Amino acid sequence: MITLGNRLFVLLQYLVPQHLLSRLTGYVARCRVRWFKNRLINAFIARYGVDMRAARGETAEDYENFNAFFTRRLKAHLRSVATHPQDVASPADGTLGQFSTLESETLVQAKGHKYSLYELLGGDVERALPFINGEYATIYLAPRDYHRVHMPLSGTLREMVYIPGKLFSVNSVTTGTVPRLFARNERVVCRFDTEQGPLAIVLVGAMIVSSIHTVWHGPVCPHARQIQTFTYEETDAAAIQLKKGDELGHFRLGSTVIILFAPNQMQWNEAINSGTTVRFGEAIGRTFQL
């Protein structure tokens, strides 16, 4: 049931200048004034119950600003990445949202809300074609979570697409209310070739997300207010190859990751369900033997 407070929260998102708010948040998050950034970090830890024992730096003093804290790295060897060659590793810490087989080119956002694969991937039919009737999963990264995103399979980068858009919140209240949210928000699509078939990873921006970074490009958002495509040809001498578990990128303030697979490429782990808490590196599915 959607309460009056939730309705007002969603309505406010339509009214506020989303991109201006995100830029201002980014400015605050970069502030290095010691007393200010320490208070901000400590207040955030207390408000969201962040477990700092997993982080390389366990106190606010260990970070130069809020951004450094928010994109904190995990302690070495804290997580193991699923080692079987056919295992699909979770790309992030978070909560598993919808995951299933696409209905032709349709994905489920939440109960009562669906959206288009074509629209999600920027309206390019050729880009979307390999994933029609394939598998997809959505992982929501809450404020308390580790916010770096990793490869679910080893792959070679073929394309990165920046798609401008809105910056609605991606929490359960908003995804259950705002139609086509993931296909309306600002996002970065990363398309890879893998030994098991094509793979797409979509990094979805959200309210007060000041930027999205990839390890090969650096900051991608905010950018010009038009779709921008970066291609990486198979013949490139310095092809960008990432192994399963390698870092792909990170959010400067949190959001959502959507992963897409081709038909008959993989199956989901029977032990997971919508609402399951997942951790980077754990097996969430398995590819079929080629």
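FYI, the numbering for the sequence shown is 1131 to 1420, going by the working numbering. Note that the Cβ used here is the ideal one computed from N, Cα and C, for glycine as well. As the structure is a computational prediction, the values presented were derived from the model and not from experiment.
- Just tell me which of F1261, R1314, L1383 has its CA closest to the CA of T1236. Measuring from the Cα of T1236, the nearest candidate turns out to be F1261.
- Since I believe G1411 is in contact with S1210 (beta carbons under 8 Å), could you give me their beta-carbon distance rounded to a whole number of angstroms? With a Cβ gap of about 6 Å, S1210 and G1411 count as contacting.
- Message: Ignoring anything shorter than 3 residues, give me the beta strand (DSSP E) runs that lie fully in the segment 1347–1401, in order along the chain.
- Response: Those beta strand (DSSP E) runs which fall completely within the segment 1347–1401 and span 3+ residues are 1358–1361, 1377–1382, 1386–1391, 1396–1398.
- Would you check if the segment 1273–1287 and the segment 1216–1228 touch, i.e. whether three or more CB-CB distances between them fall below 8 Å? Yes, since at least three Cβ pairs between the segment 1216–1228 and the segment 1273–1287 fall closer than 8 Å, the two stretches touch.
- Can you tell which of S1234, Q1216, T1189, A1173 has the C-alpha that lies nearest to the C-alpha of T1324? Minimum Cα-Cα distance from T1324 among the listed residues S1234, Q1216, T1189, A1173 corresponds to Q1216.
- Query: Out of Q1358, P1294, Y1270, which has the shortest C-alpha to C-alpha gap to T1407?
  - Reply: Of the listed residues, the one whose Cα sits closest to T1407 is Y1270.
- Message: Just list the residues that DSSP pairs E1289 with in beta bridges.
- Response: DSSP output for E1289 lists R1321, T1361 as bridge partner(s).
- Message: I need the boundaries of the alpha helix (DSSP H) containing I1262, first residue and last residue.
- Response: No alpha helix (DSSP H) contains I1262, which DSSP labels as neither H nor E.
- Name the residue from G1405, F1418, G1156, T1201 whose alpha carbon lies nearest to the alpha carbon of Q1397. Answer by Cα proximity: F1418.
- Query: Buried or exposed: which applies to S1341, given that a residue is buried once 16 or more other Cβ atoms fall within 10 Å of its Cβ?
  - Reply: Buried, by the Cβ-count rule.
- Query: According to DSSP, what are the bridge partners of Y1270?
  - Reply: Under DSSP, the beta-bridge partners assigned to Y1270 are T1225, T1386.
- Task: Within the same chain, show all residues whose beta-carbon is closer than 6 Å to that of V1334, passing over the 5 residues directly before and after it, in chain order.
- Result: Non-local C-beta neighbours of V1334 in its own chain, meaning closer than 6 Å and more than five positions away in sequence, comprise F1312, N1315, R1317, S1385, T1386, ordered along the chain.
- Could you name the residues that DSSP lists as bridge partners for V1279? In the DSSP assignment, the residues bridged to V1279 are G1379.
- Message: Per the DSSP calculation, D1217 is bridged to which residue(s)?
- Response: For D1217, which the question treats as bridged, DSSP gives the partners R1416.
- Task: Would you tell me roughly how many angstroms separate the C-alpha atoms of P1393 and L1232, rounded to the nearest one?
- Result: Between the alpha carbons of P1393 and L1232 lies a gap of roughly 9 Å.
- Task: Counting only the same chain and skipping the five closest in sequence on each side, list residues whose C-beta sits under 6 Å from that of T1359.
- Result: So the list reads V1291, once near-sequence residues are dropped.
- Message: Going by DSSP in three states, L1237 sits in which element: helix, strand or coil?
- Response: Three-state DSSP puts L1237 in a strand.
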